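Colleague: The sequence shown begins at 3 in the numbering used here and counts up by one.
Ideal placement from N, C-alpha and C gives every residue a C-beta, glycine not left out.
Values in this document were obtained by computation on a predicted structure and should not be read as measured data.
One structure, as structure tokens, below. Some questions next.
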Amino acid sequence: MKIKFNRKLAIVIGLLGLGLMFLITKLYLLNIYKRVLVVPRKPIEQSAMEKPTATPTPDTDADFSVALLGYAGGNHDGAGLTDSIMVVRVQPKKERILMISIPRDLWVKLPLSTIEGEEYWYKINAAYVLGGDDKKYPNKAIEYTGEAGGGMVVKSVLGEVLGMPIDYFVAVDFSGFMRAIDNLGGIQVNVARSFEDPFYPIKGAENETCGKIPEEITAIEATMSGWKLEQAYNCRFETLKFEKGLVEMNGELALKYVRSRHSPTDGGDFNRARRQREVIEAVKNKVVSVGFLPKVIPLISQLSYHVETDIDLEKINEWINRFSEFSSYNIENIALTTENVLMDSKSSSRQFILTSIDGIGYWSAVQEYIVGLVNEVENENPLSE
Numbered sequence: 003m004k005i006k007f008n009r010k011l012a013i014v015i016g017l018l019g020l021g022l023m024f025l026i027t028k029l030y031l032l033n034i035y036k037r038v039l040v041v042p043r044k045p046i047e048q049s050a051m052e053k054p055t056a057t058p059t060p061d062t063d064a065d066f067s068v069a070l071l072g073y074a075g076g077n078h079d080g081a082g083l084t085d086s087i088m089v090v091r092v093q094p095k096k097e098r099i100l101m102i103s104i105p106r107d108l109w110v111k112l113p114l115s116t117i118e119g120e121e122y123w124y125k126i127n128a129a130y131v132l133g134g135d136d137k138k139y140p141n142k143a144i145e146y147t148g149e150a151g152g153g154m155v156v157k158s159v160l161g162e163v164l165g166m167p168i169d170y171f172v173a174v175d176f177s178g179f180m181r182a183i184d185n186l187g188g189i190q191v192n193v194a195r196s197f198e199d200p201f202y203p204i205k206g207a208e209n210e211t212c213g214k215i216p217e218e219i220t221a222i223e224a225t226m227s228g229w230k231l232e233q234a235y236n237c238r239f240e241t242l243k244f245e246k247g248l249v250e251m252n253g254e255l256a257l258k259y260v261r262s263r264h265s266p267t268d269g270g271d272f273n274r275a276r277r278q279r280e281v282i283e284a285v286k287n288k289v290v291s292v293g294f295l296p297k298v299i300p301l302i303s304q305l306s307y308h309v310e311t312d313i314d315l316e317k318i319n320e321w322i323n324r325f326s327e328f329s330s331y332n333i334e335n336i337a338l339t340t341e342n343v344l345m346d347s348k349s350s351s352r353q354f355i356l357t358s359i360d361g362i363g364y365w366s367a368v369q370e371y372i373v374g375l376v377n378e379v380e381n382e383n384p385l386s387e
């Protein structure tokens with residue numbers, strides 16, 4: 003009897019210990035996740051009209067979309083501009099994931115005011131930072147204010163452009179991007195093209211004079227502007243070289259790979275968008291190979307000061323439980339470019355911009371293109387870059 007009692011006691015203690023560890027882990031993750039989560043505000047009319055009703059059973063296999071935003075962070079000019087904008091459309095019933103790259107020069111109207119006639123047109127890479135500025139834009143609708151305001155503005159604009167709802171957003175700064183990859187032990191990226199970029203900016207060298215005396219600087223600034231002026235200070239840049247094939251990258255090198263845009267052979271935002279998709283594919287492959295759960299706690303802990311999202315913890319738990327399923331889905335890439343539904347243009351202030359082939363503010367061609375791909379039947383009209 004004594005032996006049986008001890009065995010039972012050991013089992014009970016063991017189960018209690020496991021339960022306590024699970025509870026501590028869950029509370030730890032919850033506390034960390036509070037630093038990441040921002041809760042969108044609801045329109046006044048919607049809040050007032052809401053009444054307790056029976057919650058319908060959710061369709062766990064319904065499509066959902068997540069906007070992924072990457073920005074520099076820090077205190078310098080342009081720190082909040084999103085260099086990387088991508089919409090991930092997960093389609094469980096078709097067992098596929100669509101990655102839609104959005105060029106940062108897309109010219110859009112931002113919902114920064116409810117006053118009639120007061121319109122704000124910007125490149126889409128400004129949507130996140132301007133949407134989060136309640137002081138500069140005090141006349142926004144309430145759903146675009148507060149901590150989640152920037153992300154909500156981005157979701158609204160992307161939804162209008164693509165013709166489909168954007169359910170969630172995740173914004174990560176470059177430090178968080180590098181930490182995530184380093185936490186995984188690096189990634190192997192399948193570099194599609196060899197290229198060299200002689201003008202990759204060196205962090206901290208933005209104001210270097212490169213040995214030029216004041217008189218030279220005055221003369222240069224009097225005759226040059228924009229990118230030509232920047233190129234005159236060659237000590238502010240380093241040369242990047244990447245060879246075609248499988249390349250091992252840590253966080254810093256991966257960041258350089260996805261940010262490079264001045265290569266004569268692989269430059270510009272469209273090629274950069276392709277490289278961003280290559281890195282996401284590499285991250286996905288590495289996560290699958292090392293196993294996700296052992297990495298999730300340190301990863302969330304490290305990223306909690308570099309990430310902002312409106313995905314609640316319940317939804318995150320659901321996706322973690324379905325991770326092995328999602329990781330088996332086929333990934334298909336879509337890029338909005340001047341080769342399909344966009345065209346080069348100039349704004350009223352003479353900025354280079356991209357618009358729909360329908361013209362500024364009209365998105366029918368883009369929406370028809372995207373909705374057609376979203377609804378596409380498997381093995382029919384394969385997607386292309």
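What's the gap between the Cα of L39 and the Cα of D135?
Modeller: Straight-line Cα distance between these residues: approximately 18 Å.
Colleague: Would you say L242 and K230 are within 8 Å of each other, going by their C-beta atoms?
Modeller: Cβ distance not < 8 Å, so L242 and K230 don't count as in contact.
Colleague: Using only the alpha-carbon positions, how far apart do F272 and A337 sit?
Modeller: Going from the Cα of F272 to the Cα of A337 covers about 8 Å.
Colleague: How is G72 classed by DSSP in three states: helix, strand or coil?
Modeller: Three-state result, G72: strand.
Colleague: Here's the rule: buried if 16 or more other CB atoms are within 10 angstroms of the residue's CB, otherwise exposed. What is K125?
Modeller: It counts as buried.
Colleague: Compare the beta carbon distance of R106 and T84 with 8 Å and say whether it is the shorter of the two.
Modeller: Going by C-beta atoms, R106 is nearer than 8 Å to T84.
Colleague: Look up S306 in the DSSP assignment and say whether it is helix, strand or coil.
Modeller: Reduced to three states, the DSSP call for S306 is coil.
Colleague: Since S67 and D169 are thought to touch, with beta carbons under 8 Å apart, how far apart are those beta carbons, to the nearest angstrom?
Modeller: Contact holds; Cβ gap of about 5 Å.
Colleague: Please report the distance separating the alpha-carbon of V403 from that of F244.
Modeller: Past the boundaries of the shown model lies residue 403; the chain is included only from 3 to 387, so the question cannot be answered.
Colleague: Taking Cβ positions, are F176 and G270 nearer each other than 8 Å?
Modeller: Not closer than 8 Å, so no.
Colleague: Decide yes or no for the touch test of the segment 141-151 against the segment 109-121: beta carbon pairs closer than 8 Å, at least 3 of them.
Modeller: Yes, since at least three Cβ pairs between the segment 141-151 and the segment 109-121 fall closer than 8 Å, the two stretches touch.
Colleague: Can you tell me whether DSSP reads L100 as helix, strand or coil?
Modeller: Strand at L100.
Colleague: Hey, which unbroken runs of the alpha helix (DSSP H) at 4 residues or more fall wholly within the segment 182-270?
Modeller: The qualifying runs are 216-225, 228-233 and 253-261.
Colleague: Taking the straight line between their C-alpha atoms, what separation do you get for D405 and F354?
Modeller: Lying outside 3 to 387, the shown extent of the chain, residue 405 is not represented and no answer is given.
Colleague: Where do the ends of the beta strand (DSSP E) carrying S86 lie?
Modeller: T84 to Q93 is the span of the beta strand (DSSP E), which, as asked, contains S86.
Colleague: Let me check one thing: in DSSP terms, what residues is W123 bridge-paired to?
Modeller: Answer is K111.
Colleague: Please state the DSSP three-state secondary structure of Y35.
Modeller: Correct three-state label for Y35: helix.
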